[in-house]
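Each remark here refers to the structure printed beneath this line.
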Amino acid sequence: MTSTALDLPTWLDPNWARLQQMLAQQRLPHGMVLGGLPGLGKRQLAEALLARLICQTPQHGHACGQCKSCLLRLAGSHPDIKRLEPEDEGKAILVDSVRKLQPWLAATAQQGGAKVVLIEPANELNVNAANALLKNLEEPGRDTYFLLLHHWPKPLLATVRSRCQGQDVLPPELEQGTTWLAAQQPDASDTDLSQVMHMAHGAPLLALRYLQQAAPALRHQTLVDLTALLRNQTSVAQVAETWVKAPVKQVLDWWLQWLQDLIKLKQTQDPNTVLNQDVVKLLQAVARKTDMPTIFALYDEVLQALNSLNQRRNINQQLMLEQLLYRWYQLI
Ligand SMILES: [Zn+2]
0 MTSTALDLPT WLDPNWARLQ QMLAQQRLPH GMVLGGLPGL GKRQLAEALL ARLICQTPQH
60 GHACGQCKSC LLRLAGSHPD IKRLEPEDEG KAILVDSVRK LQPWLAATAQ QGGAKVVLIE
120 PANELNVNAA NALLKNLEEP GRDTYFLLLH HWPKPLLATV RSRCQGQDVL PPELEQGTTW
180 LAAQQPDASD TDLSQVMHMA HGAPLLALRY LQQAAPALRH QTLVDLTALL RNQTSVAQVA
240 ETWVKAPVKQ VLDWWLQWLQ DLIKLKQTQD PNTVLNQDVV KLLQAVARKT DMPTIFALYD
300 EVLQALNSLN QRRNINQQLM LEQLLYRWYQ LI
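In terms of numbering that gives the first Met the number 0, the sequence shown opens at residue 0 and continues consecutively.
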């Protein structure tokens, strides 16, 4: 079984294999620092390891996902798992948080297995917090494990680092990373993929976040384009040219949703029935000037276009978009 069984991205396979080997040889350190740039899956790796350590009946080196310990973990209520994090995002982990952990560290595991502390990000431990933790790292207790996530390039206190073993999580080859990203976002164009991979310095999870964040801006632009067309502020050809370079399926999907809203609005005359409330004004303006059969006809055409794209038929997208946009332009 490979790490894909746990949905770990493939570039983490070497890391996972090394951790498996350490476990098999019973030489997993009690303090383990997983270090690397943001967006490489350090947390996923740590979670998979934590799950494996906590599981009562591991299967092929992975947490089973079914035993009592796994179920408690999945419910977020396992008594032998602690997460040491900043109280506010982006702030330091303070000494109070470490002090609060001490009675728990001194007690035996409630489920009779391992106790695991996940520290994220370990580079946010301030000096006092780190000092309060040093003794625990030196004498962790037989079945207690500290998993520390170190986000490069921020420094990790040397006192902490020297009491742990480290494993670096490295970026995948550009091609491997881009292939993974493309599988997560099938609608993204090659240009988008290479652009965000570049922005993320080759860290695919960070690149994915960039892509997802761009979605709201793109949706807004799509709306702006459709409005401008109705106001004669742009041309059908110009909008089609822009859309061809965008994730076309996503754009058509939004448009289809708005047309559904337009149909509802036309039927009920009630703006509250519109799901996408930010387009109500535009839809009301269109609804006043057109009839139901025309809207239905356009809806069908957009739906068909989307189906053709989904079936990856070889179509002239520019021409297809121009035809659809011309129909839209004619609505009012
Ligand atoms: Zn289990």
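Yeah, the Cβ is synthetic: ideal placement off N, Cα and C, and Gly gets one too.
### Message
Please give me, in chain order, every unbroken run of the alpha helix (DSSP H) with length at least 4 that falls completely inside the segment 173-241.
### Response
Annotation note: the segment 173-241 contains the following uninterrupted alpha helix (DSSP H) runs of length 4 or greater, listed N- to C-terminal: 173-183, 189-198 and 203-229.
### Query
With distances taken between CB atoms, is the gap from Y328 to V235 smaller than 8 Å?
Yes. Within cutoff.
### Query
Who are the near neighbours of L18 in its chain, counting only those whose CB is closer than 6 Å to its CB and skipping five residues on each side?
Taken in chain order, the residues that qualify are L48.
### Message
Looking at the secondary structure, which residues open and close the beta strand (DSSP E) in which Q32 lies?
### Response
Here residue 32 is Val; the residue named in the question, Gln, does not match the sequence. Residue range G30 to G35 is occupied by the beta strand (DSSP E) that includes V32.
### Query
Is the distance from the Cβ of L7 to the Cβ of L52 below 8 Å?
No, the pair does not count as a contact, with Cβ atoms beyond the cut-off.
### Query
Exposed or buried, which one is A4 when buried takes at least 16 other CB atoms within 10 Å?
Low confidence applies to A4: its pLDDT is 43, below 50, so where it sits in the model is not reliable, and the reading given next is rough at best. Answer is exposed; the Cβ neighbour count stays below 16.
### Query
Heavy atom of ligand 1 less than 7 Å from the Cβ of G176, yes or no?
Ligand 1 has no heavy atom closer than 7 Å to the beta-carbon of G176.
### Query
Are there 16 or more other CB atoms within 10 angstroms of the CB of E321, so buried, or fewer, so exposed?
By the neighbour-count rule (16 or more Cβ atoms within 10 Å), E321 is buried.
### Message
Restricting to runs no shorter than 4 residues, where is the alpha helix (DSSP H) found entirely within the segment 129-180?
### Response
Listed in chain order, they are 157-160.
#### Entry: Length of the line joining the Cα atoms of Q283 and W253
Roughly 17 Å between the two C-alpha positions.
### Task
State the Cα-Cα distance for the pair T190 and T177, rounded to the nearest angstrom.
Looking at the two C-alpha atoms, the distance is approximately 11 Å.
### Message
Under 7 Å: does the beta carbon of S76 sit that close to some heavy atom of ligand 1?
### Response
The answer is no for S76.
### First through last residue of the alpha helix (DSSP H) which encompasses V97
Counting along the chain, the alpha helix (DSSP H) containing V97 begins and ends at V94 to A105.
### Message
Could you tell me the alpha carbon to alpha carbon distance between G37 and D299, rounded to whole angstroms?
### Response
One point to set straight first is that residue 37 is Pro, not Gly, in the sequence displayed. In this structure, the straight-line span from the alpha carbon of P37 to that of D299 is close to 44 Å.
### Query
Quick one, which of A304, R141, P28 and P246 has its alpha-carbon nearest L104's?
Of A304, R141, P28 and P246, the residue nearest in Cα terms is R141.
### Query
For ligand 1, any of its heavy atoms closer than 7 Å to the Cβ of A62?
Closer than 7 Å to some heavy atom of ligand 1: that describes the Cβ of A62.
### Query
Straight-line CA distance for T158 to E84?
Each residue's alpha carbon lies about 19 Å from the other.
### Residues near N122 in its chain [Cβ-Cβ closer than 7 Å; skip 5 each side]
Excluding residues up to 5 positions away in sequence, H149, H150, K153, P154 and L155 lie with their Cβ nearer than 7 Å to the Cβ of N122 in the same chain.
### Query
In terms of alpha-carbon separation, which member of D79, E137 and R162 lies closest to A106?
Nearest C-alpha to A106: D79.
### Query
Nearest CA to the CA of Q317: which residue from V168, K248, E86 and E240?
For Q317, the closest of V168, K248, E86 and E240 by C-alpha to C-alpha distance is E240.
### Query
Can you find a heavy atom of ligand 1 that lies under 7 Å from the Cβ of Q65?
Judged by the Cβ position, Q65 qualifies as a neighbour of ligand 1 at the 7 Å threshold, a heavy atom of the ligand being closer than this.
### Message
By DSSP's criteria, L49 is part of a beta bridge. Which residues make up the other side?
### Response
Residue pairing by DSSP places L49 opposite no residue, since no beta bridge is assigned to it.
#### Entry: Alpha-carbon spacing of K90 relative to V97, whole angstroms
C-alpha separation (whole angstroms): 15 Å.
### Query
On the three-state DSSP scale, how would you describe L274?
In the three-state DSSP reduction, L274 falls in the coil class, being neither helix nor strand.
### Query
How about P203 and L169: do their beta carbons lie closer than 8 Å?
No, they are not a contact pair.
### Message
Taking its Cβ as the centre, do 16 or more other Cβ atoms sit within 10 Å of M196, making it buried, or is it exposed?
### Response
Looking at its Cβ environment, which holds 16 or more other Cβ atoms inside 10 Å, M196 is buried.
### Task
Report the three-state DSSP secondary structure of M0 (helix, strand or coil).
Caution is warranted here: a pLDDT of 35 is assigned to M0, below 50, making its placement in the model unreliable, and no coordinate value can be reported.
### Query
When we look at the beta-carbon of H219 and count the other beta-carbons within 10 Å, is it buried (16 or more) or exposed?
By the neighbour-count rule (16 or more Cβ atoms within 10 Å), H219 is not buried but exposed.
### Query
Any heavy atom of ligand 1 closer than 7 Å to the Cβ of Q19?
Q19 Cβ: outside cutoff for every heavy atom of ligand 1.
### Message
On a Cα-Cα basis, can you pick out the residue from Q184, S193, A131 and R82 that is closest to P120?
### Response
Of the candidates Q184, S193, A131 and R82, the one whose C-alpha sits nearest the C-alpha of P120 is R82.
#### Entry: Residues near V278 by beta carbon distance below 7 Å, same chain, minus five either side
Contacts found: L222, W257 and D260.
#### Entry: Residue from R160, G64, G112 and L217 whose Cα sits closest to the Cα of T143
Checked all of R160, G64, G112 and L217; the closest Cα to T143 is G112.
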